[in-house]
Amino acid sequence: MTRPETFGQAVTVENLVKRFGDFTAVDHLSFSVSAGEIFGFLGPNGAGKSTTIRMLCGILAPTSGRGNVIGFDILTESEQIKERIGYMSQKFSLYDDLTVEENIEFYGGIYGVPAGRLEQRKRWILEMADLTERADSLTGELAVGWKQRLALGCAVVHEPQILFLDEPTAGVDPTSRRNFWDLIYDVAGGGVTVFVTTHYMDEAEHCDRLGLIYAGKLIASGSPQQLKERCVAGTLLEVHAQPVMQALDVLAQEPAAREVAVFGAALHVVTDGEAGEKRVRAALEGSGVTVGHIGAIVPSLEDIFVALIEQADRAAAGVGG
Amino acid sequence: MLLRTWMISWKEFIQIFRDARTLAVVVILPVLMLVLFGYAINLDVRHLKLAVHDQDRSQASRDLIGAFSRGEHFDVTAYLGSYDEATEALDRGRVQAALVIPTEFSEDLAAGGAAPVQLLIDGSDSTTASTAIAYANAIILQHSGKISAGALRRRGLMVHAEPLALDTRLRVWYNPELKSTNFIVPGLVAVILMMLAALLTSMTVVRERERGTIEQLIASPVMPHELMLGKLVPYVIIASVDVVLVIAAGKLLFRVPLVGSPVLLLALSAVFLMAALGIGLLISVVSTSQQTAMTVAVLATVLPSMLLSGFIFPISAMPAVLQWLTNVIPATHFLVIARGIFLKGSGLSLLWPQALVLLLYGLLMLGLSSLRFRKRL
Numbered sequence: 001m002t003r004p005e006t007f008g009q010a011v012t013v014e015n016l017v018k019r020f021g022d023f024t025a026v027d028h029l030s031f032s033v034s035a036g037e038i039f040g041f042l043g044p045n046g047a048g049k050s051t052t053i054r055m056l057c058g059i060l061a062p063t064s065g066r067g068n069v070i071g072f073d074i075l076t077e078s079e080q081i082k083e084r085i086g087y088m089s090q091k092f093s094l095y096d097d098l099t100v101e102e103n104i105e106f107y108g109g110i111y112g113v114p115a116g117r118l119e120q121r122k123r124w125i126l127e128m129a130d131l132t133e134r135a136d137s138l139t140g141e142l143a144v145g146w147k148q149r150l151a152l153g154c155a156v157v158h159e160p161q162i163l164f165l166d167e168p169t170a171g172v173d174p175t176s177r178r179n180f181w182d183l184i185y186d187v188a189g190g191g192v193t194v195f196v197t198t199h200y201m202d203e204a205e206h207c208d209r210l211g212l213i214y215a216g217k218l219i220a221s222g223s224p225q226q227l228k229e230r231c232v233a234g235t236l237l238e239v240h241a242q243p244v245m246q247a248l249d250v251l252a253q254e255p256a257a258r259e260v261a262v263f264g265a266a267l268h269v270v271t272d273g274e275a276g277e278k279r280v281r282a283a284l285e286g287s288g289v290t291v292g293h294i295g296a297i298v299p300s301l302e303d304i305f306v307a308l309i310e311q312a313d314r315a316a317a318g319v320g321g
Numbered sequence: 322m323l324l325r326t327w328m329i330s331w332k333e334f335i336q337i338f339r340d341a342r343t344l345a346v347v348v349i350l351p352v353l354m355l356v357l358f359g360y361a362i363n364l365d366v367r368h369l370k371l372a373v374h375d376q377d378r379s380q381a382s383r384d385l386i387g388a389f390s391r392g393e394h395f396d397v398t399a400y401l402g403s404y405d406e407a408t409e410a411l412d413r414g415r416v417q418a419a420l421v422i423p424t425e426f427s428e429d430l431a432a433g434g435a436a437p438v439q440l441l442i443d444g445s446d447s448t449t450a451s452t453a454i455a456y457a458n459a460i461i462l463q464h465s466g467k468i469s470a471g472a473l474r475r476r477g478l479m480v481h482a483e484p485l486a487l488d489t490r491l492r493v494w495y496n497p498e499l500k501s502t503n504f505i506v507p508g509l510v511a512v513i514l515m516m517l518a519a520l521l522t523s524m525t526v527v528r529e530r531e532r533g534t535i536e537q538l539i540a541s542p543v544m545p546h547e548l549m550l551g552k553l554v555p556y557v558i559i560a561s562v563d564v565v566l567v568i569a570a571g572k573l574l575f576r577v578p579l580v581g582s583p584v585l586l587l588a589l590s591a592v593f594l595m596a597a598l599g600i601g602l603l604i605s606v607v608s609t610s611q612q613t614a615m616t617v618a619v620l621a622t623v624l625p626s627m628l629l630s631g632f633i634f635p636i637s638a639m640p641a642v643l644q645w646l647t648n649v650i651p652a653t654h655f656l657v658i659a660r661g662i663f664l665k666g667s668g669l670s671l672l673w674p675q676a677l678v679l680l681l682y683g684l685l686m687l688g689l690s691s692l693r694f695r696k697r698l
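The listed protein sequences derive, respectively, from chains W and C. Per my numbering: the first sequence = residues 1 to 321. Per my numbering: the second sequence = residues 322 to 698.
Quick look at the structure:
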């Protein structure tokens, strides 16, 4: 298959908007995905991830804005895009009343894979998804983890240039999720661009680059490392103190603690260097709270995401007020 | 691309054969409907219950009653003593007709004058009533002819061979015994196929929508017309099996003669099926749930096919607007074909206009379904 000149970009999106009635699901989204990378689209449920992916795959018409997938316009050339991409929808949508093998053959045929090549691809997919022994089982009888792997297999049966995965591991146990990501690496290793949406933070760490989407807006993007460095200016402290809620109230009044959030049994506090750490400790001890261990930690993506969402909420409140 | 259309058909075939419910609909429903409707819809007027109130009680009156009870049209079920009893029997629906022979009947006859008799008929079922009147008139005409001839003979006059100026020699063609099953069963074939076909395809697209499999499909390069055609083909084949099933059942159970070519009947049935299946497909594309699709399919096919196609009610008796409307119903055209081939042995040289209309109808439905099907969510 020939690919038009894409200047190394597999996906580019400019001011993409999708409204459903009064509700704006995707709000002036702009980003790009480089060819060959694993791009993670991270955001809570309802943030607009599926809507965006559906617009990119040409099955949902944008309200406004522009987009380009592997050199084809998402508004006018959606059929050309469909021939060249693989898509795995959020809800399992293979045929339950077809066998594993029949599903692969069906999608192979639909994408016009020649018979000889299809035989090879089928064997590869069955092996890759560890479904060889279940080739003749009805798909509906498979456990969720197997179904997801089969869906991935069917999405790549025609060797697409780019693979769109919409929450591929939703509802799957952690071991199966781990296995599934190994498969994604396999596919990406073959030079395929992978665009994957997720709301699991640990999965986001597997991606080359991330786009953080919240309430239909892109609030940050970059590699996991870049996001961690760029987005939290200052020192992140993990603070153990009892009772936690009282400690939270104290630090909310303390100017040295720029941001405070409950994180499990502890508090995560953003402050500036060692001086800030000392003032946080002093404030807590002065208030009669029992203070345990306080130490600097490397922020996780979850910290970043919580911080970014709070920023976005504050900005929205500021604009609204 | 032919491969994609074939893949859709292949997949659809597998799904049909793995679904016991669909198979039951395909095999049992048509035969069941044929049997139920075939026996239930009987327009022949036979064995009407007749009450007799004979005030004369003479040889002549007994002869007249005998004339009525000899044929298979009337069964004398009650001899009643009074006029009131006769009217009550009619009121209560115990009999459909009552024959009242007055006291002076034999005297009037002997005097050589016209002897009046009264026949009361339950007109609440007008079809039955008008048929009954026709039968009764025929019986009375024949009987009075016999009496007149007898009277003349007794007076020593010879009766000549041609007593009447006009002599109608009636011959009924195509259905000489006027058996209504011969008329009903070919029509039933049309109605049953129409409903079955629309029902089958009405599920096919909306089911994918309900199960969510449509999303993966519209994200693929398959084109709407490939999807529609691919979905239609398996059902044309399966419904053709039903054509054979229904025709065989019609012949075996109701002894309807098949005068014309079975091959032509099958071929034109397939054309009709395309139209009917196309209607179901369009319904499926437009519907949002299988439930709606099924209801719409049954309503949109059964009622018009039964009421407006000429299946039972003659189109020529309908108001002009309805007559025009009957052309929109595929069953109307197929009825002409089915009755033509079954009873008259008509060939394509006569039936091609109907066949052409059905062919265009099918293509139109397929086209509309493809246009209406959007590869968007």
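Glycine is no exception: its CB is placed at the ideal position from the N, C-alpha and C atoms.
Practice problem: Please report how far the alpha carbon of S89 of chain W lies from the alpha carbon of D166 of chain W, in whole angstroms. | Solution: 5 Å
Exercise. Could you list the residues in the stretch 527-560 of chain C with a C-beta less than 7 Å from some C-beta on chain W, going in chain order?
Key: G533, T534, E536, Q537, I539, A540, S541, P542, V543
Self-check item: Given V187 of chain W as reference, the closest of W:E119, W:L94, W:A155, W:R177 once Cα atoms are compared
Solution: W:A155
Quiz prompt | R693 of chain C: contacting residues in chain W (beta-carbon distance under 7 Å) | solution = Chain W residues near R693 of chain C: none, gap ~16 Å exceeds 7 Å.
Quiz item: Is D22 of chain W buried or exposed, if buried means 16 or more other CB atoms sit within 10 Å of its CB?
Solution: exposed
Quiz item: Would K82 of chain W count as contacting chain C if we go by Cβ distances under 8 Å?
Solution: yes
Exercise. Keeping to the same chain, check which residues put their C-beta closer than 6 Å to that of A388 of chain C; ignore five residues upstream and five downstream.
Key: I460, H464
Quiz item: So what's E259 of chain W in DSSP terms, helix, strand or just coil?
Solution: strand
Self-check item: Beta bridge counterpart(s) of T193 of chain W as assigned by DSSP
Solution: W:I162
Quiz item: Taking the beta strand (DSSP E) that G112 of chain W falls in, what are its first and last residues?
Solution: Run containing G112 of chain W: none; DSSP gives neither H nor E here.
Exercise. May I ask which residues mark the beginning and end of the alpha helix (DSSP H) holding S330 of chain C?
Key: 323-339
Quiz item: Closest to M595 of chain C by CA distance: which of C:P578, C:A560, C:L624, C:S610 is it?
Solution: C:A560
Quiz item: Going by the CB atoms, is the gap between G273 of chain W and A241 of chain W shorter than 8 Å?
Solution: no
Quiz prompt | Min CB distance R54 of chain W to chain C below 8 Å | solution = yes
Quiz item: Going by DSSP, what residues sit across from F23 of chain W in a beta bridge?
Solution: W:F20
Self-check item: Residue span of the alpha helix (DSSP H) that contains F634 of chain C, given as start and end
Solution: Counting along the chain, F634 of chain C falls outside any alpha helix (DSSP H), and DSSP gives it neither H nor E.
Quiz item: Whose C-alpha, out of W:T271, W:A151, W:V280, W:E310, is nearest the C-alpha of L538 of chain C?
Solution: W:A151
Quiz item: Exposed or buried, what is D173 of chain W when buried is set at 16 or more other beta-carbons lying within 10 Å of its beta-carbon?
Solution: exposed
Quiz item: Using the beta-carbon count (16 or more within 10 Å), is A482 of chain C buried or exposed?
Solution: Any reading at A482 of chain C must be qualified, since the residue scores a pLDDT of 47, below 50, and its modelled position is unreliable; the value itself is stated next. Exposed: under 16 other Cβ atoms inside 10 Å.
Quiz item: Where DSSP assigns a beta bridge to I184 of chain W, which residues make up the other side?
Solution: Paired residue(s): none; I184 of chain W is not in a bridge.
Exercise. Please name the residues in the stretch 338-352 of chain C whose beta-carbon is closer than 9 Å to at least one beta-carbon of chain W, in chain order.
Key: R339, D340
Quiz item: Is the stretch 25-40 of chain W in contact with the stretch 7-17 of chain W, if contact means three or more CB pairs nearer than 8 Å?
Solution: yes
Quiz item: Is the stretch 640-648 of chain C touching the stretch 555-571 of chain C, taking contact as three or more C-beta pairs under 8 Å?
Solution: no
Quiz item: Name the chain W residues whose beta carbon is nearer than 8 Å to that of M322 of chain C?
Solution: G112
Quiz prompt | Of the residues C:K696, C:R339, C:G599, C:R492, the one placed nearest M516 of chain C, counting alpha carbons only | solution = C:G599
Quiz item: Would DSSP call D375 of chain C helix, strand or coil?
Solution: strand
Quiz prompt | Start and end residues, beta strand (DSSP E) containing F395 of chain C | solution = 395-400
Quiz prompt | Candidates W:Y200, W:L284, W:C207, W:G58, of which the one nearest T76 of chain W by Cα | solution = W:G58
Self-check item: Option in C:G601, C:A457, C:V554 with minimal Cα separation from R528 of chain C
Solution: C:G601
Quiz item: Does the separation of the CB atoms of I213 of chain W and F39 of chain W fall below 8 Å?
Solution: no
Quiz item: Does any C-beta atom of chain W lie closer than 8 Å to the C-beta of Q336 of chain C?
Solution: yes
Quiz item: Going by alpha carbons, who is nearest to H199 of chain W out of W:R209, W:P168, W:K82?
Solution: W:P168
Quiz prompt | Beta-carbon gap between V100 of chain W and R123 of chain W smaller than 8 Å | solution = no
Self-check item: G48 of chain W to L16 of chain W span [Cα, whole Å]
Solution: 11 Å
Quiz prompt | Residue environment, I513 of chain C, which counts as buried when at least 16 other CB atoms sit within 10 Å | solution = buried
Quiz item: Ordered along the chain, which non-local residues of its own chain (more than five positions away) have a Cβ less than 6 Å from that of A457 of chain C?
Solution: L440
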